[in-house]
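Just so you know, we're using the UniProt record's numbering here: the sequence shown kicks off at 1 and counts up by one. Just so it is clear, CB atoms sit at the ideal spot from N, CA and C, and this is done for glycine as well. Note that this is a predicted model, so its numbers are computed, not measured.
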Amino acid sequence: MPRFAANLSMMFNEIPFLDRFAAARKAGFEGVEFLFPYDWPAAELRTRLNGEGLTQALFNMPPGDWSQGERGIASLPGRQGEFRESVKKALDYAAALDCRLLHCMAGIVPAEVSLTTATAVYAANLAWAAEHAQPAGVRLVIEPINHRDMPGYFLHTQAQGAAIVEAIGRDRLGLQFDVYHVQITEGDITRRMEQFMPIIAHMQIADVPARNEPGTGEIGWSFVFRRMDALGYQGWVGCEYRPAGETTAGLGWRETFGV
Numbered sequence: 001m002p003r004f005a006a007n008l009s010m011m012f013n014e015i016p017f018l019d020r021f022a023a024a025r026k027a028g029f030e031g032v033e034f035l036f037p038y039d040w041p042a043a044e045l046r047t048r049l050n051g052e053g054l055t056q057a058l059f060n061m062p063p064g065d066w067s068q069g070e071r072g073i074a075s076l077p078g079r080q081g082e083f084r085e086s087v088k089k090a091l092d093y094a095a096a097l098d099c100r101l102l103h104c105m106a107g108i109v110p111a112e113v114s115l116t117t118a119t120a121v122y123a124a125n126l127a128w129a130a131e132h133a134q135p136a137g138v139r140l141v142i143e144p145i146n147h148r149d150m151p152g153y154f155l156h157t158q159a160q161g162a163a164i165v166e167a168i169g170r171d172r173l174g175l176q177f178d179v180y181h182v183q184i185t186e187g188d189i190t191r192r193m194e195q196f197m198p199i200i201a202h203m204q205i206a207d208v209p210a211r212n213e214p215g216t217g218e219i220g221w222s223f224v225f226r227r228m229d230a231l232g233y234q235g236w237v238g239c240e241y242r243p244a245g246e247t248t249a250g251l252g253w254r255e256t257f258g259v
């Protein structure tokens with residue numbers, strides 16, 4: 001049976017962020033993830049995790065200037081120094097939260113930057129980050145993101161992500177397989193899941209088209225969840241969806257799909 005982690009950036013938005021840890025535990029979750037922890041002291045987040053007996057499954061490295069539309073800087077030339085500082089900051093938080101996976105966002109490549117240049121910068125940055133994360137017991141993950149939600153995002157197909165993982169090394173880098181993004185960009189979810197399972201380190205779910213909870217859209221979740229189990233996936237499955245209504249009221253999908 002999949003192990004679900006509540007995404008506290010998207011779920012339980014009815015209450016303040018720090019109160020969402022307790023809400024997630026009360027709703028039956030044993031793990032949590034979120035986009036970014038950097039607005040709160042790591043010690044405060046650790047206290048919330050400990051108080052509820054929760055595991056921190058994943059969070060993202062600093063993304064650059066989010067308010068100005070940046071979605072990661074790993075593939076952006078001229079930002080290597082800033083990138084390295086962001087790695088150090090993320091690893092400090094990972095140590096404090098005992099988090100073993102960090103998502104490194106690739107970024108939206110400016111129109112004037114060639115794909116060749118962006119690829120070279122991305123590979124060099126990932127190799128540097130992985131070299132520093134591995135001794136800390138942290139594995140980096142990269143996530144292909146669909147171009148409908150995030151136009152111009154550098155990494156957008158599973159095959160592209162897999163090639164980068166193999167180039168850097170499976171022991172240091174894994175694929176973050178988001179069912180929502182896969183369905184929008186490529187479809188054929190479970191075949192791609194089967195193809196890339198050896199390098200999948202983290203999975204996330206949301207239904208298509210509205211990115212709400214499972215059962216609100218077009219995806220056949222009973223089959224998807226069965227395939228996760230049949231393929232032997234042992235990692236966390238992040239619930240990175242926007243509840244269609246009140247979060248707890250929408251959690252009936254777990255019973256509906258027997259998970």
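query: Kindly list the residues whose CB is nearer than 7 Å to the CB of T248, restricted to its own chain and excluding five residues on each side of it in sequence; keep chain order.; result: A27
query: Should R71 go down as buried or exposed, given a rule of 16 or more other Cβ atoms within 10 Å for buried?; result: buried
query: Taking the alpha carbon of D19 as the point to measure from, which residue in G51, Y38, M1 and A5 has its own alpha carbon closest?; result: G51
query: Under 8 Å by Cβ, that's how I've got A5 and E33 pegged, so tell me the actual separation to the nearest angstrom.; result: 5 Å
query: Give the DSSP-derived three-state secondary structure of residue 339 in the structure shown.; result: Nothing can be reported for residue 339, as the shown portion of the chain is limited to 1 through 259.
query: Does the beta-carbon of S67 have 16 or more other beta-carbons within 10 angstroms, so that it is buried, or is it exposed?; result: exposed
query: Which one of R84, N212, K88 and L97 has the shortest CA to CA distance from G53?; result: L97
query: Among T55, M1 and P2, whose alpha-carbon lies nearest the alpha-carbon of L8?; result: T55
query: Going by C-alpha distance, which of W40, Q204, C99 and R25 is nearest V182?; result: Q204
query: Taking buried to mean at least 16 other C-beta atoms within 10 Å of its own C-beta, is Q234 buried or exposed?; result: exposed
query: What is the residue span of the beta strand (DSSP E) that T55 lies within?; result: T55 to N60
query: Identify the residues that DSSP records as bridge partners of H202: which are they?; result: Q176
query: Decide if R192 is buried, meaning its Cβ has at least 16 other Cβ atoms within 10 Å, or exposed.; result: buried
query: Helix, strand or coil for L126, going by three-state DSSP, please let me know.; result: helix
query: Helix, strand or coil for A139? Go by DSSP, reduced to three states.; result: The amino acid at residue 139 is misidentified as Ala; the sequence shows Arg. Residue state, collapsed to three classes: strand.
query: Would you mind working out which of G252, R25, G169 and P2 sits nearest A130, comparing C-alpha positions?; result: G169
query: Measuring only from the beta carbon, is L49 closer than 8 Å to any heavy atom that is part of the ligand NAD?; result: Ligands in the displayed structure: none, and consequently the ligand NAD is not present.
query: Between A230 and G78, what straight-line distance do the alpha-carbon atoms span, to the nearest angstrom?; result: 44 Å
query: Beta carbon of T119, beta carbon of S75: below 9 Å?; result: yes
query: On the DSSP letters alone, give me the boundaries of the beta strand (DSSP E) that G31 sits inside.; result: G31 to E33
query: Can you list, in chain order, the residues of its chain with a C-beta nearer than 7 Å to that of F196? Leave out the 5 residues immediately preceding and following it.; result: Q158, A162, L175 and F177
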